[in-house]
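See below for the structure under consideration.
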Amino acid sequence: MRQIKACGVLVVRGNPPESFLLMRHRDRWDLPKGHVDGDETEEECARRELLEESGITAEDIDLIAGFRWVTEYEVNSKRFGEPCHKTLVIFLGRLKRDVKIVLTEHLEFRWFPWQPPHQVQPQTIDAVLAAAEQFLAGK
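Quick note: the sequence shown uses the numbering used here, first residue 11, plus one each step.
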């Protein structure tokens, strides 16, 4: 089975977090994320996808050291036209300043209130939000 990897960023506003960013696909909410290209690192992929999908630059955000959430699951890949084993890596990023979100691949975006426990999508979104909540509580 083909192995694929995608990386993204859970973007929060405020310290402690007040809200988090999700992007709207036709049928679901999701984090800004995408597939690793060539020999780029996980962090390079996450930052590139964040810029491409939201307009948030590396200068707009601090990736919070020590947070790297990983999950693996099977997908029917539209990109490859076959079932694949997917590894998803999510970093936690805090906005340094207000930014204008620029949509390129999604229908809309929304800043959701940081009010754990969250119930958006159980497979990935809820799990990464719970992990981020636990991580930030320990800081």
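Ideal Cβ placement from N, Cα and C applies to all residues, glycine included.
*Would you check if there are 3 or more beta carbon pairs closer than 8 Å linking the segment 66-76 to the segment 104-115?*
yes
*asked:* Using the Cβ count rule (16 or more neighbours within 10 Å means buried), how would you classify Ala-16?
replied: As a position in the sequence shown, residue 16 is number 6, starting the count at 1. Burial call: buried.
*Report all residues from its chain with a CB closer than 6 Å to the CB of Val-99; omit the five preceding and five following residues, and keep chain order.*
Against the sequence shown, residue 99 aligns to sequence position 89. Excluding sequence neighbours, Val-99 sits near Cys-17, Glu-52 and Val-80.
*What separation, rounded to the nearest whole angstrom, lies between the Cα atoms of Ala-75 and Glu-143?*
One-based indexing of the sequence shown puts residue 75 at position 65. One-based indexing of the sequence shown puts residue 143 at position 133. Rounded to whole angstroms, Ala-75 to Glu-143 spans 15 Å at the Cα level.
_Bridge-paired residues (DSSP) for Arg-120_ = As a position in the sequence shown, residue 120 is number 110, starting the count at 1. Arg-120 pairs with Leu-32.
*In this structure, does DSSP put Gln-13 in helix, strand or coil?*
Indexing the sequence shown from 1 puts residue 13 at position 3. Strand at Gln-13.
_Expected contact under 8 Å - CB spacing of Phe-122 and Phe-30 to nearest Å_ = Here residue 122 refers to the residue found at position 112 when the sequence shown is read from its first residue. Here residue 30 refers to the residue found at position 20 when the sequence shown is read from its first residue. Contact flag correct, Cβ pair sits at about 6 Å.
*For Leu-73, which three-state DSSP category applies?*
The residue labelled residue 73 in the question sits at position 63 within the sequence shown. If DSSP states are grouped into helix, strand and coil, Leu-73 belongs with the strands.
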